[in-house]
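There are 2 protein chains.
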Amino acid sequence: MAKGDLLIIGGNEDKTDEKVILSKFATICQNRQGPIGIVTTATAYPEEVGNEYASLFHTLHGTKPLLLHLDSREKADDPELIEQLSSLSGLFMTGGDQLRLTSLLGGTTFYKHCLKEWKGGLVIGGTSAGAAVMSRLMIISSKISKKQDVSILEMGSGFGFLEDVIIDQHFSQRDRFSRLMRAIALNPQIIGVGIDENTAIWVNSERNQFEVIGEFNVSIFDGKTSSYIDVAENKENMTISDIRFHTLGEGAIFDLTKRELIIS
Amino acid sequence: MAKGDLLIIGGNEDKTDEKVILSKFATICQNRQGPIGIVTTATAYPEEVGNEYASLFHTLHGTKPLLLHLDSREKADDPELIEQLSSLSGLFMTGGDQLRLTSLLGGTTFYKHCLKEWKGGLVIGGTSAGAAVMSRLMIISSKISKKQDVSILEMGSGFGFLEDVIIDQHFSQRDRFSRLMRAIALNPQIIGVGIDENTAIWVNSERNQFEVIGEFNVSIFDGKTSSYIDVAENKENMTISDIRFHTLGEGAIFDLTKRELIIS
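Line by line, the protein sequences give chains L and Z. Convert by adding 24 to the 1-based position in the first sequence; the result is the number in my numbering. Convert by adding 24 to the 1-based position in the second sequence; the result is the number in my numbering.
Structure (structure tokens):
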């Protein structure tokens with residue numbers, strides 16, 4: 025049994041035009057039987073957001089999706105609901121607040137079954153908050169200083185589909201360069217992956233490689249080679265030397281184990 | 025004879041509180057006799073801006089500065105005005121539009137004398153537009169796309185006090201990460217130096233090293249080690265692999281020849 029692919033979207037993916045990213049998700053899900061499940065836990069508008077994705081995936085995938093409105097830990101432990109997980113080909117997590125996802129679903133029966141099904145081939149997709157939770161360590165929030173975007177970072181545990189990675193979303197659009205740099209300064213063994221809006225990484229979980237799809241760029245910060253780090257809490261300026269940096273556009277393939285671009 | 029130091033400021037330096045950066049400029053200028061000259065060519069408000077810096081440097085340096093309102097190529101070729109250059113200890117270029125500086129002063133007698141005096145020890149400072157012109161190659165402007173800050177870049181010739189460097193100013197505050205990355209992708213042999221507001225690099229021109237002073241960070245992008253670059257005009261996404269990246273805070277010393285942080 026091979027682990028399912030991941031599709032990690034930087035938010036604000038096109039839903040009206042060519043729908044390149046959502047079509048890709050629907051296509052990857054075709055490798056397995058069953059409908060797509062939509063987890064609306066992150067959003068404050070589960071009905072609207074859920075119905076929008078349900079309608080899109082119904083068209084793109086050809087099967088009526090299953091809406092999973094898991095808004096409490098009780099629901100996420102409900103055996104009947106959990107049962108349905110094994111019938112799915114893919115699971116998609118909407119945007120919203122990543123802390124809702126991890127606090128309501130983390131450690132629940134639903135989460136454990138997700139992990140088990142993913143290890144057996146369930147495809148998992150997520151956008152924005154649904155992207156942030158993909159890694160073991162995740163960014164919860166950051167405080168922006170008055171004059172600059174250097175941030176006091178709040179980090180926590182994500183769902184752990186990716187190890188040694190921190191995902192940041194809306195990357196160029198929300199000017200998150202400094203906040204991801206700070207996350208890497210504090211965790212130099214980890215690769216920072218900044219995903220722009222309407223852009224995604226399509227992860228082959230078995231190979232631990234991803235391909236970039238969509239409109240803009242994915243920025244990679246690798247602190248493992250760093251020769252010098254001087255960073256302190258609540259201090260706006262920091263010195264970090266010798267970070268390896270990559271900017272990746274559509275079609276680029278990156279190996280997360282070797283930490284390098286695959287040139288084909 | 026040793027080349028004069030350069031003080032290259034990312035714009036918006038403190039003028040009312042501790043004035044760390046402007047004080048530093050005044051102090052460096054003490055190494056040579058004579059007043060500080062203020063070049064107001066970049067700004068659309070030469071009187072106001074010139075008088076503000078004149079008043080500040082008068083206090084900080086102890087000598088009445090010389091205002092150089094060079095608003096035409098004719099004036100920049102005026103022998104009397106040029107004569108005064110050799111009496112100065114330092115020359116400071118205000119912010120405004122860098123293209124005014126290079127188009128009005130580039131190649132003039134004033135510019136040639138500047139270069140000669142600098143080689144003999146004249147200290148040169150500049151903020152914002154006055155910082156951008158310090159390098160041989162400079163960023164003139166960039167177009168911002170609707171959704172992202174990836175830019176169509178216009179570049180031109182600066183004053184060439186620094187070789188193999190591109191300066192970008194207001195770096196974090198104006199979210200110029202993508203534009204400097206693009207400049208490096210197009211000129212990978214060059215080091216990109218992004219200077220935040222109220223932050224400066226103090227360049228020892230003889231050693232080709234600088235020290236960071238001021239409130240925020242200086243970001244360095246070194247494309248020389250890059251293993252793969254795929255970038256095209258008018259294309260928003262690009263792939264660049266293996267850029268060496270450094271974030272430097274106050275006190276950090278960087279060697280522009282060796283392209284590395286000096287750890288003392």
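All C-beta atoms in this analysis are idealised placements derived from N, C-alpha and C, irrespective of residue type, glycine included.
Pairwise C-beta distances place the segment 188 to 201 of chain L in contact with the segment 152 to 162 of chain L, as three or more of them are shorter than 8 Å.
Taking Z:Tyr252 as the centre and dropping the five residues before and after it, the same chain places the C-beta of Thr263, Ile264, Ser265, Asp266 closer than 8 Å to its C-beta, in chain order. For the pair Z:Arg283 and Z:Asp246, the Cα-to-Cα distance works out to about 8 Å. Taking a beta-carbon distance threshold of 8 Å, L:Ser265 counts as an interface residue toward chain Z. Taking the C-beta atoms as reference points, Z:Thr118 is found nearer than 8 Å to Z:Gly154.
For the segment 186 to 203 of chain Z, residues whose beta-carbon sits nearer than 7 Å to a beta-carbon of chain L comprise Ser196, Gln197, Asp199, Phe201, Ser202. Annotation: L:Ser159 is outside any alpha helix (DSSP H) and is labelled neither H nor E by DSSP. With a threshold of 8 Å between beta carbons, L:His270 makes contact with chain Z. Buried is the label assigned to Z:Asp199, since at least 16 other Cβ atoms lie within 10 Å of its Cβ. Using a CB distance cut-off of 8 Å, Z:Glu274 counts as an interface residue toward chain L.
In this structure the segment 203 to 213 of chain L does not lie against the segment 223 to 233 of chain L, because fewer than three pairs of beta carbons, one per stretch, are closer than 8 Å.
With 16 or more other Cβ atoms inside 10 Å of its own Cβ, L:Tyr77 counts as buried. Contact check between the segment 271 to 278 of chain L and the segment 86 to 98 of chain Z: fewer than three CB pairs, one atom from each, fall below 8 Å, which does not count as touching.
Neighbours of L:Tyr77 in chain Z, taken as residues at a C-beta separation under 8 Å, are lacking, since the least C-beta distance is about 21 Å. Straight-line spacing of the CA atoms in Z:Asn261 and Z:Val255 works out to 7 Å.
For Z:Arg268, the enclosing beta strand (DSSP E) has its first and last residue at 263 to 272. L:Lys88 and L:Pro59 do touch by the CB rule: their CB atoms are close to 6 Å apart, below 8 Å.
Among the residues of chain Z, none has a CB under 9 Å from the CB of L:Glu37; the nearest is roughly 12 Å distant. Residue environment analysis places L:Gly114 among the buried positions, since at least 16 neighbouring C-beta atoms fall within 10 angstroms of its C-beta. Z:Phe116 carries a strand assignment under DSSP once its states are collapsed to helix, strand and coil. When C-alpha distances from L:Leu80 are compared across L:Thr67, L:Ser111, L:Leu94, L:Leu46, the shortest belongs to L:Leu46. Taken through DSSP and simplified to helix, strand or coil, L:Gly180 comes out as strand.
The beta carbon of L:Phe234 does not come within 8 Å of any beta carbon belonging to chain Z, so the residue lies off that interface. By the Cβ neighbour-count rule, L:Pro212 is buried, with 16 or more other Cβ atoms within 10 Å of its own. Around the Cβ of Z:Gly86, a 10 Å sphere holds fewer than 16 other Cβ atoms; the residue is exposed. The residues Trp142, Gly145, Leu146, Val147, Ile148, Ser229, in chain order, have a CB closer than 7 Å to that of L:Gly28 in the same chain once the five nearest residues on each side in sequence are set aside. Using beta-carbon distances, L:Asn241 counts as an interface residue toward chain Z, with a partner under 8 Å. Between L:His93 and L:Thr64, the C-beta spacing is below 8 Å. Here Z:Trp226 is bridged, per DSSP, to Z:Leu31, Z:Glu235.
With respect to chain Z, the C-beta atom of L:Tyr69 has no partner C-beta closer than 8 Å.
With a threshold of 8 Å between beta carbons, L:Asn261 makes contact with chain Z. In the DSSP assignment, L:Phe134 is bridged to no other residue. The Cβ atoms of L:Gly34 and L:Ile237 do not sit closer than 8 Å to each other.
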